[in-house]
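Adding 51 to a residue's 1-based position in the sequence shown gives its number in the working numbering.
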Amino acid sequence: MASTYYPLCHAASPQQDVGMYGPYWYYGNDAQTPYYDAKSGKWVFFMLGSHIPTVGTNQNGWQAWITTDMQRWEPQGIFLNPSDYTSTAADGSTIKGFTAVWGGGAFGDPENLWGFGSDAVLFTGSIANPETPGLKPENMAVGLFVCKGGIFNDDGTLKKPEFVKTLTDITTAQSQGYVPDKPDHLLDTDFRDARMSWDPVHRLWVLAVSVSYGVALFTCANPASEEFTFASSWLGPDRTLGQAGGVECPNFLYHKGQWVLVYSDQGKIFQNGLMRQTVMICTGDWDGKIFTNTTTPVTIDHGWTFYAQSVFEEPATGDLLCVGWLNNWNLGGSFWNTGWNGMLTWVRRLDISTMASDGQCRVYPRASLLDDWRAKIGLQAQPDAPAPDKANTTKDNTHES
């Protein structure tokens, strides 16, 4: 039975005619950093998820969609399948498949600092250390994958990324000064959701990794010949080691002269007996080693169905965009779906230009989405979003639609 509630304008897990109840073949949740291919004018979006026939019920990989307008989506199925990869253990034996490929994101390297070519597309993904045999990860690591020569094949299909190596892991980071949340237990799956960004001021690649109490930051100037090293940890507001609830999906990037940190927070915020899960944003100072927030983290969307976000820039406009998982772990699978489970929110535009003065992040629909709506009801296209005083701000946000 196909669902009558399958979304038309959201990236959603492909639906299967498999009956009324799960588990469905596809399942999706966290948004991963998307990639824009300038040559084709297409975006590739990613969502953490599984495909039971090929990935397995307990293994996560990445699903993918192609879009040109962020409103119409072409599902591509599983893009990063943990079962597809092999690695070599310390004893020389071959390990088939990762336990999973968790959160991360895509990024380009136009200066070829990674050494794979200026047209290569690279990906960070959280994995169990490939030298760890067995199904249970004993040492969480950040894996590097690459599509050499671009993300598309000549026929327009997506390439399969190659696994290159690990960039860091818990024990390596600990030897460099990182303090793990569970120092007596290296099975720390909170060391994940690794996203990469470029620091044009200090000319550093910066890797942001979520840990229970905040974000661990790693840097490297010449990744083709040098290793990433631990720089510092940013502690979330009112957080301590061992606190219930975690920080997830960090985005740390330089946007129009400001350093921005966005993350999903599972902190102890309870409403109606449920732990509130939100996406937070702040701005601050970064000296190439330590990030100090100079604005208080505020909630981007006060609705209950906006979590596990990815934040990125739109090359054509320079706008700061955000997309999230239209759900949260409190709701889990109890959603209006039949034959599918998991979708992303609409892509929205973030305006942080006044955060330093008024502490607000204003949230707008993208102009093309507004124009699309106006066209459907016969109104003339207008300039971009409403005036700031009428915008959806962090102090008065509505629920996701």
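Cβ coordinates follow ideal geometry from the N, Cα and C atoms, glycine included. Every value quoted in this text rests on a predicted model; they were computed, and no experiment measured them.
Leaving out the 5 sequence neighbours to the left and right, which residues in its chain are closer than 7 Å to tryptophan 380 when beta-carbon positions are compared? Here the question's residue 380 lines up with position 329 in the sequence shown. Here the set comprises Gln328.
Count the other C-beta atoms from every protein chain shown that fall within 10 angstroms of the C-beta of valine 414, then say buried if there are 16 or more, exposed otherwise. The sequence position of residue 414 within the sequence shown is 363, counting from 1. Counting Cβ neighbours within 10 Å, valine 414 comes out buried, since at least 16 surround it.
Near histidine 253, what residues of its chain come up, given a Cβ to Cβ distance below 6 Å and the 5 sequence neighbours on each side ignored? Within the sequence shown, numbered from 1, the residue matching residue 253 stands at position 202. The answer, listed in chain order, is Gly339.
Is it true that the CB of isoleucine 146 sits closer than 7 Å to the CB of serine 138? Mapped onto the sequence shown, residue 138 falls at position 87. Mapped onto the sequence shown, residue 146 falls at position 95. Yes, the pair counts as a contact, with Cβ atoms nearer than the cut-off.
Would you say phenylalanine 214 and tyrosine 305 are within 7 Å of each other, going by their C-beta atoms? By one-based count along the sequence shown, residue 214 stands at place 163. By one-based count along the sequence shown, residue 305 stands at place 254. Result no, Cβ atoms of phenylalanine 214 and tyrosine 305 do not sit closer than 7 Å.
Do valine 374 and alanine 82 count as a contact pair if the criterion is CB distance below 7 Å? In the sequence shown, residue 82 corresponds to position 31, counting from 1. In the sequence shown, residue 374 corresponds to position 323, counting from 1. Yes, the Cβ-Cβ distance between alanine 82 and valine 374 is below 7 Å.
Buried or exposed by the 16-neighbour rule on C-beta atoms within 10 Å, applied to glutamate 278: Indexing the sequence shown from 1 puts residue 278 at position 227. Counting Cβ neighbours within 10 Å, glutamate 278 comes out exposed, since fewer than 16 surround it.
Measure the alpha-carbon distance for leucine 173 versus serine 361 and round it to whole angstroms. Counting from 1 along the sequence shown, the entry for residue 173 is found at position 122. Counting from 1 along the sequence shown, the entry for residue 361 is found at position 310. So the two alpha carbons sit approximately 16 Å from each other.
Could you tell me the distance, in whole angstroms, from the CA atom of aspartate 409 to the CA atom of glutamate 364? Counting from 1 along the sequence shown, the entry for residue 409 is found at position 358. Counting from 1 along the sequence shown, the entry for residue 364 is found at position 313. Taking the straight line from one Cα to the other gives about 23 Å.
Helix or strand or just coil, what does DSSP make of leucine 173? Start at 1 with the first residue of the sequence shown, and residue 173 comes out as number 122. Leucine 173 falls in the strand class under three-state DSSP.
Proximity of aspartate 370 and cysteine 300 at Cβ, strictly below 7 Å: What you label residue 370 is simply residue 319 of the sequence shown in a count that begins at 1. What you label residue 300 is simply residue 249 of the sequence shown in a count that begins at 1. The answer is no: Cβ separation not under 7 Å.
Looking at the C-beta of isoleucine 146, does it have a partner C-beta in chain D at a distance below 7 Å? Chain labels in this structure do not include chain D; a single protein chain is all it has.
Rounded C-alpha distance that separates asparagine 204 from lysine 210: Along the sequence shown, one-based indexing puts residue 204 at 153. Along the sequence shown, one-based indexing puts residue 210 at 159. Rounded to whole angstroms, asparagine 204 to lysine 210 spans 6 Å at the Cα level.
Length-filtered (3 minimum) beta strand (DSSP E) runs lying within the region 239 to 286: 243 to 250, 255 to 262, 265 to 271 and 280 to 286
Quick check on arginine 425: buried or exposed, where buried means 16 or more other Cβ atoms within 10 Å of its Cβ? Here residue 425 corresponds to residue number 374 of the sequence shown, with the count starting at 1. Exposed.
Between which two residues does the alpha helix (DSSP H) carrying alanine 224 extend? Mapped onto the sequence shown, residue 224 falls at position 173. Run containing alanine 224: 221 to 226, per the alpha helix (DSSP H) assignment.
In whole angstroms, what separates the C-alpha of asparagine 132 from that of tryptophan 113? Sequence index remark: in the sequence shown, residue 132 carries index 81 (1-based). Sequence index remark: in the sequence shown, residue 113 carries index 62 (1-based). Looking at the two C-alpha atoms, the distance is approximately 7 Å.
Reducing DSSP to helix, strand and coil, say where proline 133 ends up. Taking the sequence shown and counting its residues from 1, one reaches residue 133 at position 82. The answer is helix: DSSP assigns proline 133 an H, G or I state.
Assuming alanine 157 is part of the beta strand (DSSP E), what are its boundary residues? Here residue 157 refers to the residue found at position 106 when the sequence shown is read from its first residue. Run containing alanine 157: 155 to 159, per the beta strand (DSSP E) assignment.
Hey, alanine 62 and tryptophan 153: beta-carbon distance below 7 Å or not? Residue mapping note: residue 62 aligns to position 11 of the sequence shown, counting from 1. Residue mapping note: residue 153 aligns to position 102 of the sequence shown, counting from 1. The answer is no: Cβ separation not under 7 Å.
Put serine 91 into one of helix, strand or coil per three-state DSSP. As a position in the sequence shown, residue 91 is number 40, starting the count at 1. Reduced to three states, the DSSP call for serine 91 is coil.
When the Cα of glycine 297 is compared with those of Cys271, Gly79, Phe242 and Asp423, which residue comes out closest? Within the sequence shown, residue 297 is the residue found at index 246, counting from 1. Nearest option by C-alpha distance: Phe242.
Cβ neighbours of glycine 92 in the same chain (closer than 7 Å, five flanking residues each side left out): Along the sequence shown, read from residue 1 onward, the residue named residue 92 stands at position 41. Thr119.
Can you look up alanine 418 in the DSSP assignment and give me helix, strand or coil? On the sequence shown, residue 418 is found 367 positions in, with the first residue counted as 1. In the structure shown, alanine 418 sits in a helix (DSSP, three-state: H, G or I).
Buried or exposed: where does lysine 187 fall if 16 or more other Cβ atoms within 10 Å of its Cβ makes it buried? The residue given as residue 187 occupies position 136 in the sequence shown. Residue confidence is low: lysine 187 scores 46 on pLDDT, short of 50, so the model does not pin down where it sits. No coordinate-derived value is stated.
Element boundaries [alpha helix (DSSP H), containing methionine 394]: Here residue 394 refers to the residue found at position 343 when the sequence shown is read from its first residue. Neither: methionine 394 is in no alpha helix (DSSP H) and is coded neither H nor E.
Is the CB-CB distance between glycine 265 and serine 248 below 7 Å? Within the sequence shown, the letter at position 214 stands for residue 265. Within the sequence shown, the letter at position 197 stands for residue 248. No, the pair does not count as a contact, with Cβ atoms beyond the cut-off.
Please report the Cβ distance between alanine 179 and alanine 224, rounded to the nearest whole angstrom; I am assuming they are in contact, meaning their Cβ atoms lie under 8 Å. By 1-based counting over the sequence shown, the position of residue 179 is 128. By 1-based counting over the sequence shown, the position of residue 224 is 173. Not really, about 15 Å apart at Cβ, beyond 8 Å.
Figure out for me which residue from Asn163, Gly155 and Gly207 has the closest Cα to the Cα of threonine 217. For the purposes of this step, residue 217 is taken as residue 166 along the sequence shown, with counting starting at 1. Cα-wise, what sits closest to threonine 217 is Gly155.
Which of the three DSSP states, helix, strand or coil, is assigned to alanine 426? By 1-based counting over the sequence shown, the position of residue 426 is 375. Three-state result, alanine 426: helix.
Three-way DSSP call (helix, strand, coil) for aspartate 336 in this model: As a first step, residue 336 is located in the sequence shown; it is residue number 285 there, counting from the start. Looking at aspartate 336 - three-state DSSP - the assignment turns out to be strand.
From what residue to what residue does the beta strand (DSSP E) around aspartate 316 run? Reading the sequence shown from its first residue, position 265 is the one you call residue 316. Here the beta strand (DSSP E) through aspartate 316 covers 309 to 316.
Can you name, in chain order, every residue of its own chain whose Cβ lies under 6 Å from the Cβ of proline 65, other than the five neighbours on each side? Start at 1 with the first residue of the sequence shown, and residue 65 comes out as number 14. Taken in chain order, the residues that qualify are Tyr77 and Pro126.
For threonine 405, which residues does DSSP report across the bridge? Working through the sequence shown from its first residue, we reach residue 405 at position 354. Bridge partners of threonine 405: none, in fact.
Any idea which residues DSSP pairs tryptophan 116 with across the strands? The residue given as residue 116 occupies position 65 in the sequence shown. Beta-bridge pairing links tryptophan 116 to Phe96 and Pro126.
Can you tell me whether lysine 199 is helix, strand or coil according to DSSP? Position 148 of the sequence shown, counting from 1, holds the residue named residue 199. Lysine 199: coil per DSSP, three-state reduction.
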